[in-house]
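Under mature numbering (1 follows the signal peptide of the UniProt record, and there is no 0), the letters of the sequence shown match residues -25 to -1, 1 to 304, in that order. Every residue, glycine too, gets a C-beta built ideally from N, C-alpha and C. This report concerns only the one structure given below.
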Amino acid sequence: MIRRRLLACALSGLAPLAVHTTAVAESAAAWPTKPVNIVVSFAPGGATDLVGRVLAKELQAVFKQPFVVINKPGAGGQVGTEYVANQHKGDAYTLLISATGHVMAPSSQSNVKYDPVKSFEPVALLITMPNYLLVRPDHPAKTLPEFMAWAKTQKSIGFGSAGNGGATHLSGELLRHKTGLPFAHVPYQGNGPSMNDVLAGHLPVAISDTVSSASMVSSGKLRPIAVTTAKRSPLFKDVPSLSEAGVKDYDLQNWVGLYFSANVPKPIVERLNKEVVRIMSTEPVRSQMEKMGAESANGYSAARYTQFVGDEVKNWANVFKVTGVQVNQ
């Protein structure tokens, strides 16, 4: 009799949990029941914005609800990111699309009001893209070994980036740290101005992501010497990686990802992940991303992407540490 009572009590205690689990599953199956906002943490026209608009169109077709892109630029993506993290906690109808700065800012800024992992439910990795080391076509070095030999003869090598504390800046600083080459950072307001100064002969080198520099490279106005990933990119097979020049443990890339704020139910996160992964792997979308210089078919689950975000936090924190770069402490 006592055992029966204990068993009955135990089962009655599980009943609310079972009801809650069923309710969450049902809500995930029904989601979304109204329009979904996609906050893009950069201005219109860039890679992050373009990916957001392509994805919004595809998601709207799948879920039969509007997916509305809202641009909230500022502070290298920090404004839009903090907006979603702090004003939309647990909101399954507000998404964030942000870039590599999402995981870099806490290591470079003293006033960041979010945790790259804990403040969010990472949904999916959308695109990845290496940085190019770019020179003018008439640069005396035509190959990566020739460039490294040339660099060793220089007293100072100014390299342009899209701005202080970003991936293009840190890519050059890490190269300086690992090789001892006399790289000197010249920050710009975006990749375009830095590449224009290389084109004009005012600067010997620019470091730019492959999306921003696609038109300059394809037109022959600038020549890529190397990519910043550990291996050659399958999209740019003719461009060697810096590791091929003997730069050990050098592997940096730019990427763009999709997030909910923290506490959105996991079943909703996982359902959206599956659709996003499928969309980004379709031929039309993948081809569109490749044409602009990015890879999209990675197949990461939400759990794998969460791990990726955590690993990138540690990776970039280490880059800031070893290079000694400080932006706003």
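- An exposed status is given to Pro157, since fewer than 16 other beta-carbon atoms sit within 10 Å of its beta-carbon.
- Contact check for Val302 and Asn139: beta-carbon distance about 5 Å, within the 8 Å limit, so the pair qualifies.
- A check of alpha carbon separations from Thr203 across Ser183, Tyr58, Lys127, Asn273 identifies Ser183 as the nearest.
- Proximity to Val251 across Ala3, Thr56, Asn12, Ala31 peaks at Ala31, based on C-alpha coordinates.
- With respect to the C-alpha of Gly176, the residue from Gly133, Met104, His144 having the closest C-alpha is Gly133.
- When the Cα atoms are used, Lys64 and Tyr89 turn out to be separated by approximately 11 Å.
- Counting the other Cβ atoms within 10 Å of the Cβ of Ile45 gives fewer than 16, which makes it exposed.
- Fully enclosed alpha helix (DSSP H) runs of no fewer than 4 residues occupy 53 to 62, 76 to 83 of the segment 36 to 97, in order along the chain.
- About 6 Å separates the beta carbon of Ala220 from that of Pro120, a gap short enough to meet the 8 Å contact definition.
- Per the Cβ contact rule, the segment 108 to 128 is not in contact with the segment 263 to 274 (fewer than 3 Cβ pairs under 8 Å).
- DSSP places Phe295 inside the alpha helix (DSSP H), whose first and last residues are 277 to 298.
- Excluding sequence positions up to five before and after Ala142, its CB lies within less than 6 Å of the CB of Thr75, Asn229, all in the same chain and listed in chain order.
- Inclusion of Tyr234 and Leu100 in the CB contact set at 8 Å is not warranted, their separation being larger than that value.
- Within its own chain, the residues whose Cβ lies closer than 6 Å to the Cβ of Ala116, once the five positions on either side in sequence are excluded, are Phe122, Trp125, listed in chain order.
- For the pair of segments examined, the segment 36 to 54 was found to touch the segment 11 to 20: the number of CB pairs separated by less than 8 Å reaches three.
- For Val26, the secondary structure class from DSSP, reduced to helix, strand or coil, is helix.
- CA-to-CA, the gap between Gly147 and Asn293 works out to about 15 Å.
- In the three-state scheme derived from DSSP, where H, G and I count as helix and E and B as strand, Ala201 is classed as strand.
- Here DSSP, grouped into helix, strand and coil, assigns Val260 to helix.
- Per DSSP, Phe134 is one residue of the beta strand (DSSP E) stretching across 132 to 136.
- Here the alpha carbons of Ser2 and Ala189 stand approximately 42 Å from one another.
- Here DSSP, grouped into helix, strand and coil, assigns His114 to coil.
- In the structure shown, the three-state DSSP call for Phe17 is coil.
- If you look at Leu233, you'll find it in the beta strand (DSSP E) that goes 229 to 236.
- Of the residues Asn106, Ala4, Gly299, Trp6, the one whose Cα lies closest to the Cα of Lys153 is Gly299.
- CA-to-CA, the gap between Val186 and Gly52 works out to about 18 Å.
- By the CB criterion at 8 Å, Gly285 and Val110 fall outside the cutoff.
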